[in-house]
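Chemist: Please see the structure below; I have some questions.
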C-alpha cells in the first residue's frame, strides 16, 4: 500500500551562505585539490575571436554598500552572436567559453571577468537584440538567485533597437542595465534596492 506523502512540506528558502563559495569556488576559499582552477574562472584563450574586454561588477545593498560575499555567473554569445557549445545558426567559436563564474573580492566587493564583447543575437521575432551579457547573482539576503542583463554604453544605437530594453515601462530605469566603458573595461553596479535599483528579470 502506497504511503501518503501529504505530511511532507517544502523546505523553507534560505539565503546563500558560505557553502555557495565552498562548493562553487573552492580555490577562492583556499580549498585546493578539488579543481585545478575554479570552474568558470577562464572564458578566453589566445585564439578567441573578438574584442577583449574586462568587466568590473559590484553588487550594492540598499545603503550603497558593496556586498563582499556575492557570487556572479555570466552567460553570453561569442563575437559573432553565437552561443557555445552548440548553435543552430552556425559554428560558435570553439575557443570561447560563453559562461563564467566569479565571487566578489572579500575586501573591495568587486567581481572581475576577462571576456570578449558579444555580438548581436536575434530575438524570437527575428529582430536583433543589442550586445548584452546575462547575469545571475546570489548573496546573503537573497533567497532566489537574481537574473539581470548588462548592456554596453557605447552601443547606443543597438540599445535603442533592443526589444527587451523597449519593454521596460519606466524608461528612467533603463540606465540601471547599462555598463559604462572605462578604457578596455566596462564597469557595472547592480543595486539590490533603493533609488537606483537594477531591473531584474523573471528567470
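Numbering (full-length UniProt numbering), first residue to last: 1 to 203. Using N, Cα and C, we set each Cβ at its ideal position, and we do this for glycine too. Nothing here was measured: the structure is a model prediction, and the numbers come from that model.
#1: Nearest CA to the CA of residue 140: which residue from 70, 91 and 82?
#2: For the segment 118-134 against the segment 75-83, are there 3 or more C-beta pairs whose distance is under 8 Å?
#3: Give a yes or no on whether the C-beta atoms belonging to residue 96 and residue 147 are separated by under 8 Å.
#4: Distance check for residue 62 and residue 172, CA to CA, integer angstroms please.
#5: Since residue 102 and residue 32 should fall inside the 8 Å C-beta cutoff, what is the C-beta to C-beta distance between them, to a whole number of angstroms?
#6: Would residue 54 pass as a contact of residue 198 if the rule is Cβ separation under 8 Å?
#7: Please say whether residue 57 and residue 190 have beta carbons closer to each other than 8 Å?
#8: Give the DSSP-derived three-state secondary structure of residue 22 in the structure shown.
#9: In this structure, does DSSP put residue 176 in helix, strand or coil?
#10: Evaluate residue 143 with the Cβ neighbour count: other Cβ atoms within 10 Å of its Cβ, from every protein chain shown; 16 or more gives buried, anything less gives exposed.
#11: For residue 216, I'd like the list of residues in its chain whose CB is within less than 6 Å of its CB, leaving aside the five on either flank, ordered along the chain.
#12: On the DSSP letters alone, give me the boundaries of the beta strand (DSSP E) that residue 100 sits inside.
#13: Name the DSSP beta bridge partners of residue 189, please?
#14: Can you list, in chain order, the residues of its chain with a C-beta nearer than 6 Å to that of residue 45? Leave out the 5 residues immediately preceding and following it.
#15: Considering just the uninterrupted stretch of the alpha helix (DSSP H) at residue 158, what are its terminal residues?
#16: Would you mind giving the Cβ-Cβ distance between residue 100 and residue 115, rounded to the nearest angstrom? I have them listed as a contact below 8 Å.
Modeler: By the coordinates alone:
#1: 70
#2: yes
#3: no
#4: 18 Å
#5: 18 Å between Cβ atoms; not a contact.
#6: no
#7: yes
#8: helix
#9: helix
#10: exposed
#11: Since the first and last residues shown for the chain are 1 and 203, residue 216 lies out of range.
#12: 99-103
#13: 58
#14: 95
#15: 156-161
#16: 7 Å
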